[in-house]
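Q: Handing you a structure now.
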Amino acid sequence: MTNHEPLTSLVTPALLAQIAEGYLPFSKTEELNFSDVESKETQEHFHSVCKSSNARQALITLSQLSPDAALPDLDLMTLLPVPTAKDFPQQCFGLQLLLDQASRILFPGIDARWQSGYFGPLGRCLAGQWYALPEEQRPDKWRRWQDMDVTSFSYWVATQVMWAAPFLHAEDLESQQIGLDLSEELRRAVEERTGKNDPYRETRDVTLKDDLLFLREVVKGPPVDERESSISITHWTFWWCMILDSHWPIIKRFGRYPYRNAILGRVITDEEKKWLDDTGHFGEASPEVAGKIREDVEKGRWTPLSQ
Numbered sequence: 002m003t004n005h006e007p008l009t010s011l012v013t014p015a016l017l018a019q020i021a022e023g024y025l026p027f028s029k030t031e032e033l034n035f036s037d038v039e040s041k042e043t044q045e046h047f048h049s050v051c052k053s054s055n056a057r058q059a060l061i062t063l064s065q066l067s068p069d070a071a072l073p074d075l076d077l078m079t080l081l082p083v084p085t086a087k088d089f090p091q092q093c094f095g096l097q098l099l100l101d102q103a104s105r106i107l108f109p110g111i112d113a114r115w116q117s118g119y120f121g122p123l124g125r126c127l128a129g130q131w132y133a134l135p136e137e138q139r140p141d142k143w144r145r146w147q148d149m150d151v152t153s154f155s156y157w158v159a160t161q162v163m164w165a166a167p168f169l170h171a172e173d174l175e176s177q178q179i180g181l182d183l184s185e186e187l188r189r190a191v192e193e194r195t196g197k198n199d200p201y202r203e204t205r206d207v208t209l210k211d212d213l214l215f216l217r218e219v220v221k222g223p224p225v226d227e228r229e230s231s232i233s234i235t236h237w238t239f240w241w242c243m244i245l246d247s248h249w250p251i252i253k254r255f256g257r258y259p260y261r262n263a264i265l266g267r268v269i270t271d272e273e274k275k276w277l278d279d280t281g282h283f284g285e286a287s288p289e290v291a292g293k294i295r296e297d298v299e300k301g302r303w304t305p306l307s308q
């Protein structure tokens, strides 16, 4: 049995709360301004929290459980309070962010192989566990956050994209379908709360078939209504639901994300190369990094994460 004590001494309730609070540094009792949620300052704040916390050492320690990046013998739920605990939603949110988002921030270059090939899949494992809980225990549900004294509906809404992210970052259609289901749950919740219908519904069939839409639209950000001075909860939610949906056609067509081939040392097909050319090779690792990773793959090794 692997000794997980070094990991549990780092992945503490304090760290997970710090990561969760760092991602959304806003009031839990007042409605949010989604221009603030989406702002560069908020993103930089989260980056700063990740870098100044123990997140990096926690992830390095997690990687050391499996030098070849095979998923370790570790039940990630043991790093959390029991699902019925009051603070379970925030703690689970923090761990999900640590695996799926902090790892992207903290490990660029050749280290990013660990994000796509190890931390991402671990994040999907965790997501599968909380998603399989009875509905009244699921940490993504509005009622669970209300039980934590969160009275701001918009604060809860702002967590939702990150609950869907590990499913949509996975390269299989079963995971993608769960991501679509979560997108629809969020869309309906905001429609019911605001009385406004998502205009992207009219083009959703097109979205689910357009494998270039994600990379074309994600760089634009949520729109601001010309009658408003900031991004509204509806514009933010409906735009993000469209972005979540737009992952599906890429996996439907290729069975994987072509822009990950370089960072994972995978052999690219002619069809994928054309697609990457069409996207301007957005999100792809540099040739230098790709070359180093390909060499590691051919030699059957994983370069350890930088300390």
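The sequence shown begins at 2 in this note's numbering and counts up one residue at a time. Using N, Cα and C, we set each Cβ at its ideal position, and we do this for glycine too.
#1: Sorted by chain position, which residues of the same chain lie with C-beta nearer than 7 Å to Leu310's C-beta, five sequence neighbours on each side aside?
#2: So is the beta-carbon of Asp74 under 7 Å away from any non-hydrogen atom of the ligand NAD?
#3: Round the Cβ separation of Pro259 and Trp276 to the nearest angstrom and send it over; I've been treating them as touching at under 8 Å.
#4: Within the stretch 137 to 192, note down every full alpha helix (DSSP H) run reaching 4 residues or more, in order along the chain.
#5: Could you spell out where the alpha helix (DSSP H) holding Asn262 opens and where it closes?
#6: Does the beta-carbon of Asn198 have 16 or more other beta-carbons within 10 angstroms, so that it is buried, or is it exposed?
#7: Determine the direct distance from the alpha carbon of Asp279 to that of Gly95, and round the result to whole angstroms.
#8: Spell out a yes or no on whether the stretch 257 to 271 and the stretch 106 to 114 are touching, meaning 3 or more CB-CB pairs, one atom from each, closer than 8 Å.
#9: Judging by CA-CA distance, which residue of Val290, Thr208, Glu39 is the nearest neighbour of His236?
#10: Kindly indicate which three-state DSSP category Ala286 falls into: helix, strand or coil?
#11: Would you check if the distance between the CB atom of Ser231 and the CB atom of Phe47 is smaller than 8 Å?
#12: Quick check on DSSP: helix, strand or coil for His248?
#13: Classify Pro122: buried if its beta carbon has 16 or more other beta carbons within 10 angstroms, exposed otherwise.
#14: How is the alpha helix (DSSP H) around Ser1 delimited, first residue to last?
#15: Check the C-beta distance from Ser64 over to Tyr119 and give it rounded, since I have them as a contact under 8 Å.
#16: Have a look at Asp1 and Phe283 and give me their C-alpha separation to the nearest angstrom.
#17: For Asp226 and Ala59, I'd like the C-alpha separation in whole angstroms.
#18: Cutting at 7 Å between CB atoms, please list the residues of its own chain near Ser28, excluding the five before and the five after it.
#19: Under the rule that 16 or more other beta-carbon atoms within 10 Å means buried, what is Thr238, buried or exposed?
#20: Please list the terminal residues of the continuous alpha helix (DSSP H) segment that includes Glu218.
#21: Among Glu185, Gly292, Thr195, which residue has its Cα nearest to the Cα of Arg205?
#22: Using C-beta distances below 7 Å, list every residue in its chain close to Thr62, excluding the 5 sequence neighbours before and after it, in chain order.
#23: What is the DSSP secondary structure of Phe120, reduced to helix, strand or coil?
#24: Pick helix, strand or coil for Ala15, following the three-state DSSP scheme.
#25: Tell me, please, whether the stretch 98 to 108 touches the stretch 141 to 151 by the rule of three or more beta-carbon pairs shorter than 8 Å.
A: The relevant details are as follows:
#1: Since the first residue of the chain shown is 2 and the last is 308, residue 310 is not available in this structure.
#2: Because no ligand of any kind appears in the structure shown, any question about the ligand NAD cannot be addressed here.
#3: Counting from 1 along the sequence shown, the entry for residue 259 is found at position 258. Counting from 1 along the sequence shown, the entry for residue 276 is found at position 275. Rounded, the Cβ-Cβ distance is 6 Å, consistent with contact.
#4: 143 to 148, 154 to 169
#5: Translated into positions along the sequence shown, residue 262 becomes position 261. Looking at the DSSP string, the run of the alpha helix (DSSP H) that includes Asn262 is 262 to 265.
#6: The residue given as residue 198 occupies position 197 in the sequence shown. With fewer than 16 Cβ atoms within 10 Å of its Cβ, Asn198 is classed as exposed.
#7: Taking the first residue of the sequence shown as position 1, residue 95 is located at position 94. Taking the first residue of the sequence shown as position 1, residue 279 is located at position 278. Near 36 Å, if we compare the C-alpha coordinates of Asp279 and Gly95.
#8: yes
#9: In the sequence shown, residue 236 corresponds to position 235, counting from 1. That would be Glu39, whose Cα lies nearest to the Cα of His236.
#10: Sequence index remark: in the sequence shown, residue 286 carries index 285 (1-based). Coil, per DSSP.
#11: Counting from 1 along the sequence shown, the entry for residue 231 is found at position 230. Counting from 1 along the sequence shown, the entry for residue 47 is found at position 46. No, these two residues do not count as a Cβ contact at 8 Å.
#12: The sequence position of residue 248 within the sequence shown is 247, counting from 1. Coil at His248, not helix or strand.
#13: To locate residue 122, count along the sequence shown from 1; it is residue 121. Burial call: buried.
#14: The structure shown does not extend to residue 1, since the chain is modelled only from 2 through 308, so no value can be given for it.
#15: Sequence index remark: in the sequence shown, residue 64 carries index 63 (1-based). Sequence index remark: in the sequence shown, residue 119 carries index 118 (1-based). That belief holds up - the Cβ atoms of Ser64 and Tyr119 are roughly 6 Å apart, short of 8 Å.
#16: Look at the range of the chain in this structure, 2 to 308, and you will see that residue 1 is not part of it.
#17: In the sequence shown, the residue the question calls residue 226 occupies position 225. In the sequence shown, the residue the question calls residue 59 occupies position 58. Answer to the nearest angstrom: the Cα atoms are 42 Å apart.
#18: Translated into the one-based positions of the sequence shown, residue 28 becomes position 27. The answer, listed in chain order, is Ser153.
#19: Start at 1 with the first residue of the sequence shown, and residue 238 comes out as number 237. That one is buried.
#20: On the sequence shown, residue 218 is found 217 positions in, with the first residue counted as 1. Residues 214 to 218.
#21: For this step, residue 205 is matched to residue 204 along the sequence shown. With distances taken between Cα atoms, Arg205 lies closest to Glu185.
#22: Sequence index remark: in the sequence shown, residue 62 carries index 61 (1-based). The answer, listed in chain order, is Pro7, Leu8, Leu11.
#23: Locating residue 120 in the sequence shown gives position 119, counting from the first residue. Correct three-state label for Phe120: helix.
#24: Here residue 15 refers to the residue found at position 14 of the sequence shown. DSSP places Ala15 in helix when its eight states are reduced to three.
#25: no
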